[in-house]
Structures are given as C-alpha cells and as structure tokens.
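Letter by letter, the sequence shown follows residues 130 to 600 of our numbering.
Glycine included, C-beta positions come from ideal geometry on N, C-alpha and C.
Working notes, structure below.
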Amino acid sequence: MTTTAPTATADRAGRRFAAARQVADAVLFEGYVLYPYRASAAKNRMRWQFGVLVPPAWAPAQGEHSLQRTEILMEPRGAATLSLELRFLHAQRRTVQQAGEDGTFTEVAELHLPDRVLVPWDEGTEERVELRVAVPELTHKEIVLPFRRPAREETEPVLDEQGRTVGRLLRRTEEAEGVVRLHAEELDGPYRVLKLTAVVENTSPWTPEASGAAREEALPRSLVAAHLLLGLNPGSFLSMTDPPEWARPAVAGCANLHTWPVLAGEEGRDDVVLSSPIILEDHPAIAPESAGAMYDATEIDEILALRTAALTDAEKREARGTDPRAAAVVDLADTLPPEVLERLHGAVRSLRAAPAGASPEEPPPDTLFTPGEPWWDPASAALPGPVSVLVDGTPVGPGSRVLLRPGLRRTDAQDLFLQGRAARVEEVLHDVDGGVHLAVTVEGDPGADIRREQGRFLYFQPDEVTALEEA
Numbered sequence: 130m131t132t133t134a135p136t137a138t139a140d141r142a143g144r145r146f147a148a149a150r151q152v153a154d155a156v157l158f159e160g161y162v163l164y165p166y167r168a169s170a171a172k173n174r175m176r177w178q179f180g181v182l183v184p185p186a187w188a189p190a191q192g193e194h195s196l197q198r199t200e201i202l203m204e205p206r207g208a209a210t211l212s213l214e215l216r217f218l219h220a221q222r223r224t225v226q227q228a229g230e231d232g233t234f235t236e237v238a239e240l241h242l243p244d245r246v247l248v249p250w251d252e253g254t255e256e257r258v259e260l261r262v263a264v265p266e267l268t269h270k271e272i273v274l275p276f277r278r279p280a281r282e283e284t285e286p287v288l289d290e291q292g293r294t295v296g297r298l299l300r301r302t303e304e305a306e307g308v309v310r311l312h313a314e315e316l317d318g319p320y321r322v323l324k325l326t327a328v329v330e331n332t333s334p335w336t337p338e339a340s341g342a343a344r345e346e347a348l349p350r351s352l353v354a355a356h357l358l359l360g361l362n363p364g365s366f367l368s369m370t371d372p373p374e375w376a377r378p379a380v381a382g383c384a385n386l387h388t389w390p391v392l393a394g395e396e397g398r399d400d401v402v403l404s405s406p407i408i409l410e411d412h413p414a415i416a417p418e419s420a421g422a423m424y425d426a427t428e429i430d431e432i433l434a435l436r437t438a439a440l441t442d443a444e445k446r447e448a449r450g451t452d453p454r455a456a457a458v459v460d461l462a463d464t465l466p467p468e469v470l471e472r473l474h475g476a477v478r479s480l481r482a483a484p485a486g487a488s489p490e491e492p493p494p495d496t497l498f499t500p501g502e503p504w505w506d507p508a509s510a511a512l513p514g515p516v517s518v519l520v521d522g523t524p525v526g527p528g529s530r531v532l533l534r535p536g537l538r539r540t541d542a543q544d545l546f547l548q549g550r551a552a553r554v555e556e557v558l559h560d561v562d563g564g565v566h567l568a569v570t571v572e573g574d575p576g577a578d579i580r581r582e583q584g585r586f587l588y589f590q591p592d593e594v595t596a597l598e599e600a
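What follows is the structure, given as structure tokens:
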C-alpha cells in the first residue's frame, strides 16, 4: 500500500481518472454558489447540500450522516492494483476587515471596491486523499487510511487601484479528520468476481457545546461533496445499473449508503468508477456545448448565461466580491460570443444513421399531406389537427371559456394556484404523439394581452378543464 507522492503508477492512474475528473469536478462544486451568485441571495444562505459528511457527534441529532459506503463488483486480472482518490471540499470562513488610519483592522459587513463588493463568505478548498493498493492485500485484511487536515488561519491584503492597503480578508479553517476503509471479498459464481467495499467516514472529535448547535458550526469540520474515484489496472468493474445477468443477484446484495457508483471515463471503458452523492448514469459526461462551470445544474446553461448577463452592475459587483468562482461566471456570461451562446440553445443526440439499404415506408392513404410535401411545417406553432375538441360533449376551441381543474397526477405547484379559475382558450394544439393541449389565458390576468402578443400561454389537457357558457 502507498499514499506517497506521484510515481509512474500514480501518473497512469491520473491519466485514467482524467476523463472522469471533469464530471467529478461538477459533482464537487454542484451548488457551490447559485444564481444570482451573490452571498446576500436567499438561495446562497443554505449551502453545501450534497455529500456532506458531518462530525459524528453532531450527525444523529440533526438527521445528517458522518459516513458513506460504496460497494461494487470488480474483476481484477493478474497482479491488479486498485487506485483510489477521495475528493472533498473543506469549508473555510472568510471575514472582511477594513484598514484604519492607525494601521488597525476592523471587521465589516461590506468593503466596497471599484470592481467588487467584498462580503463575508464560506469558501471551499479542494482536498484530495490518494491510495494505491494491490488487490490481494484487500482480500487478506481491511486497509485503513486515516487523514487529517489541520486548522489554520491566513490573511490576504486588499489593495485599491493605487496599490494602497484598504483592508484584508481573514480566512479561518477548522481541523477536519477522516478515514478511508477498504476491503474486498471473493464471491461464489460462474466467474471470479470480488465485492469491493469502500467506506469514507468523518472521525472529527469535535463535540458541539450546545445540543442545538447550528449546522454552520459543523460545516467547517465536515467533508463536503465527498466522492470517490476508483481505478482498476488491469481489470474491470461491473455496472451497478446494468450488470450482466449472471451478476444481478450479487449486485442486488451490494449496499451503497449516501453514494452511488457508476462506470466513468470514456464510453466503453470499465476500469474507472465514480462513486457520487448525486445519482448519475454510467459514463456521465459534460455536454460539449457547455462553455464553463456555472455551479447551478438545476438550471439550464443558456438561461443562466442570459440571466447572469442581465444582472445590474451593482449585482455583478457583489457577485464578483462573493467568490472568485462567482466572478468567473459573471465574466463568462459577459464575454460569451453569439456563436457559443447559440450552441447552448439545444442539441439533438438521439438521432441514429439509418441501416444500409433502408427505405422509408409508404405513407398511409389517409395521410394529412400529399407526396413531396412535409406532413408538418416546423415553423408552425401547432401541429395539424382539429381546431376544436370535445370536453364532456361540448366543443371547445379558440375563444371558448373553460374552468381550470389541474390534474394532480401531472401538475406542478403553480398550476394548483389556478384551481377553479376561469380561462379563455387561445389555441388547440396537437403534439407528435397524438396528445391534445389547450393553450389558455386566465381571465382577470392583467398580463393576458402581453401573453397573446408573445404567444406565451398556459397549457392544460382537455380532461383538466370544464366548458363554461359564454358570459
């Protein structure tokens, strides 16, 4: 076993991990800072949501956990070596101090500079624990690797445009401790396969002074966004999502707690695994259209880029002062060329080449189009179809009044607020699957005229409305 500095073996492991690390970086920083990228935004006041391993003394009372457990099947060949890389963020508290004329520093809530507004914030520093071990060692005993990150304090001067010190940033980092435990056992079956168990645990001795200690007290001593990269050389891992038939019972017997392992790296490779607190599919990848990290994957890059570019100058100054990563997002949105922004508008990845010699089928005799003409004009706002639909035996079409009754099985919270409201049908639309949708505007909505002009309607299915008589 070794945990030393890089060697030729470590370099090879690093190259294997390179493709997977791009996705692992997205896991590491997911939710790090959310749009609108300002510390004062409500979205950024409850942070660190994924893969947080808190001190064990604090975890039970708060419903959080102090360990994660990965179990996966592997087929080592020959003198195989397992490479492991644990990655996590270590939160550090940053406070802002203003310089006085007498050379002293006073803590302040804001420090205004021409290009940014510095505010208190919890930054995350990337930490890495590496381990390489021969697979036979894992079957003979449990490998235990403790690690520790010491407490520290550092300052960074803040200078104005003339190079004068106007303040400083004070960063305090608490001690964090943990352990990685590894072992493997050979399973019975038609092929030689081992079940690998990897446990990552926060072992911090910190104990909160009060029973109701806030989460903010535990976070600086936590392992944030903790995840594992595993590499086997030579050998292969079995997919936990789509295992071979003979391995399904063994896969069902694996217990993964607070993490989920998937095959990672280039498509077709099976020697690298990413065990992530965010459930992914095998061989996850960053979309090639993505122009850079935006840390808010619950949104769409195109929307984030447009909204970020539309922030006011004051909002951008605060975002730039919140965190260097937030500043990078603002700068990215401000400098995206039109051709890159256009690529974010969407991509089709499901098309496949037709088999050689394939020919299109003859259209049915009752088709809606004549030979040589498209059956549907993509520029049209609606697919061809009847202009009205029967609702409880009553024809409903453009101009009809309806009572909205959103269906609970497929609605969202916004639709529920419209329960029982009267609306006017603007269009009857038909999709490629044969479904019918009613585009409506709500009566009494002061923005109804704007919605009609822009074609931005609310959509309901016929069984979600009741026909009303004209007023």
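Original post:
What span of residues does the alpha helix (DSSP H) with L470 cover, start to end?
Top reply: As a first step, residue 470 must be located in the sequence shown, where it is residue number 341. If you look at L470, you'll find it in the alpha helix (DSSP H) that goes 467–472.
Original post:
Thinking just about the alpha-carbon of each residue, which of E204, V459, L325, A434 is nearest to the one in R446?
Top reply: Taking the sequence shown and counting its residues from 1, the one referred to as residue 446 is at position 317. It is V459.
Original post:
Is it right to say L519 is buried, meaning 16 or more other beta carbons lie within 10 angstroms of its own, or is it exposed?
Top reply: For the purposes of this step, residue 519 is taken as the residue at position 390 of the sequence shown. Its Cβ having fewer than 16 others within 10 Å, L519 is exposed.
**OP:** State buried or exposed for F546, treating a residue as buried only when at least 16 other CB atoms are found within 10 Å of its CB.
**Re:** Here residue 546 is taken as the residue at index 417 of the sequence shown, counted from 1. Per the 10 Å Cβ criterion, exposed.
Original post:
DSSP puts V554 in a beta bridge; with which residues?
Top reply: One-based indexing of the sequence shown puts residue 554 at position 425. According to DSSP, which records beta bridges pairwise, V554 is partnered with V569.
**OP:** Name the residue from T464, T451, G450 whose alpha carbon lies nearest to the alpha carbon of L435.
**Re:** What you label residue 435 is simply residue 306 of the sequence shown in a count that begins at 1. Looking at the Cα atoms, T464 is the closest of the given residues.
**OP:** Using DSSP bridges, identify the partner residues of F366.
**Re:** Your numbering for residue 366 matches position 237 in the sequence shown. In DSSP, F366 forms a bridge with M203.
Original post:
Based on the DSSP secondary-structure assignment, which residues constitute the bridge partners of Y588?
Top reply: As a working mapping, residue 588 is identified with position 459 in the sequence shown. A568.
Original post:
With burial defined as no fewer than 16 other Cβ atoms inside 10 Å of the residue's Cβ, what is the status of H219: buried or exposed?
Top reply: For the purposes of this step, residue 219 is taken as residue 90 along the sequence shown, with counting starting at 1. Buried, because 16 or more other Cβ atoms sit within 10 Å of the Cβ of H219.
**OP:** Examine the Cβ distances between the region 225–239 and the region 344–351 and report whether three or more of them are shorter than 8 Å.
**Re:** In short, these stretches do not touch, since the Cβ pair count stays below three.
**OP:** Could you tell me which residues DSSP puts in a beta bridge with G360?
**Re:** To locate residue 360, count along the sequence shown from 1; it is residue 231. Beta-bridge analysis with DSSP links G360 to S212, V401.
Original post:
Which residues in the same chain as P186 place their Cβ atom closer than 7 Å to its Cβ, once the five residues preceding and following it in sequence are excluded?
Top reply: Here the question's residue 186 lines up with position 57 in the sequence shown. Looking at the sequence shown, residue 186 is not Pro but Ala. Close CB contacts of A186 within its chain, under the 7 Å cut and outside five residues either way in sequence, are with W335, T336, P337 (chain order).
Subject >> G450 beta carbon less than 8 Å from that of R245 >> reply: The residue given as residue 245 occupies position 116 in the sequence shown. The residue given as residue 450 occupies position 321 in the sequence shown. For R245 and G450, yes; Cβs fall inside 8 Å.
**OP:** Use the C-beta contact count for E314: other C-beta atoms within 10 angstroms, 16 or more gives buried, fewer gives exposed.
**Re:** Along the sequence shown, read from residue 1 onward, the residue named residue 314 stands at position 185. Around the beta-carbon of E314, fewer than 16 other beta-carbon atoms lie within 10 Å, marking it exposed.
Original post:
Looking only at C-alpha atoms, which of V156, D574, L182, A426 sits nearest to L196?
Top reply: Sequence index remark: in the sequence shown, residue 196 carries index 67 (1-based). Of the listed residues, the one whose Cα sits closest to L196 is L182.
Subject >> Secondary structure of P500, DSSP reduced to three states >> reply: By 1-based counting over the sequence shown, the position of residue 500 is 371. Below a pLDDT of 50, predicted positions are generally treated as unreliable, and P500, at 46, falls in that range; no measurement from the model is reported.
Subject >> Inter-residue spacing [alpha-carbon to alpha-carbon] between L163 and L316 >> reply: Position 34 of the sequence shown, counting from 1, holds the residue named residue 163. Position 187 of the sequence shown, counting from 1, holds the residue named residue 316. If you take the alpha carbons of L163 and L316, they lie about 45 Å apart.
Subject >> Within 8 Å, strictly: CB atoms of R530 and E418 >> reply: For the purposes of this step, residue 530 is taken as residue 401 along the sequence shown, with counting starting at 1. For the purposes of this step, residue 418 is taken as residue 289 along the sequence shown, with counting starting at 1. No. Outside cutoff.
Original post:
With a CB to CB cut of under 8 Å and the five nearest residues on each side skipped, what residues in its chain are close to L288?
Top reply: Taking the first residue of the sequence shown as 1, we reach residue 288 at position 159. Cβ neighbours of L288 beyond the five flanking positions: T294, V295.
**OP:** With a floor of 4 residues, list each alpha helix (DSSP H) that falls wholly inside the region 259–324, ordered by position along the chain.
**Re:** Secondary structure remark: continuous alpha helix (DSSP H) runs of at least 4 residues inside the region 259–324, in chain order: 264–269.
Original post:
Expressed to the nearest angstrom, what Euclidean distance is found between the alpha-carbon atoms of D231 and P286?
Top reply: Locating residue 231 in the sequence shown gives position 102, where the first residue counts as 1. Locating residue 286 in the sequence shown gives position 157, where the first residue counts as 1. Taking the CA atoms as reference points, D231 sits about 16 Å from P286.
Original post:
When the Cα atoms are used, what is the spatial distance from M175 to A455?
Top reply: Here residue 175 refers to the residue found at position 46 of the sequence shown. Here residue 455 refers to the residue found at position 326 of the sequence shown. Rounded to the nearest angstrom, the gap between the Cα atoms of M175 and A455 is 16 Å.
Original post:
Going by the beta-carbon positions, is the gap between F122 and A416 smaller than 8 Å?
Top reply: One cannot answer for residue 122 here, as it falls past the ends of the chain, which runs 130 to 600.
Original post:
the ligand ATP heavy atoms versus the CB of T441: any closer than 7 Å?
Top reply: In the structure shown, the ligand ATP is absent, as is every other ligand, since no ligand is present at all.
Original post:
Out of curiosity, what's the CA-to-CA distance linking H474 and E396?
Top reply: Working through the sequence shown from its first residue, we reach residue 474 at position 345. Working through the sequence shown from its first residue, we reach residue 396 at position 267. Between H474 and E396, the C-alpha separation is close to 25 Å.
Subject >> Residues sharing a beta bridge with P524, DSSP >> reply: By one-based count along the sequence shown, residue 524 stands at place 395. P524 is bridged to L519.
Original post:
Can you name the residues that DSSP bridges to E159?
Top reply: Counted from its first residue, the sequence shown places residue 159 at position 30. E159 is not bridged to any residue.
Original post:
What are the boundary residues of the beta strand (DSSP E) that P243 is part of?
Top reply: Translated into positions along the sequence shown, residue 243 becomes position 114. Annotation: P243 is outside any beta strand (DSSP E) and is labelled neither H nor E by DSSP.
Original post:
Where S333 and Q226 are concerned, what is the direct C-alpha to C-alpha distance, given to the nearest angstrom?
Top reply: As a working mapping, residue 333 is identified with position 204 in the sequence shown. As a working mapping, residue 226 is identified with position 97 in the sequence shown. Rounded to whole angstroms, S333 to Q226 spans 30 Å at the Cα level.
Original post:
Expressed to the nearest angstrom, what Euclidean distance is found between the alpha-carbon atoms of D578 and E572?
Top reply: Along the sequence shown, one-based indexing puts residue 578 at 449. Along the sequence shown, one-based indexing puts residue 572 at 443. Cα atoms of D578 and E572: separation of roughly 11 Å, rounded to the nearest angstrom.
Original post:
Going by DSSP, which residues form a beta bridge with L532?
Top reply: Mapped onto the sequence shown, residue 532 falls at position 403. According to the DSSP secondary-structure assignment, L532 is paired through a beta bridge with A551, T595.
Original post:
If you follow the alpha helix (DSSP H) that P453 is part of, which residue opens it and which one closes it?
Top reply: Within the sequence shown, the letter at position 324 stands for residue 453. Start and end: 453–464.
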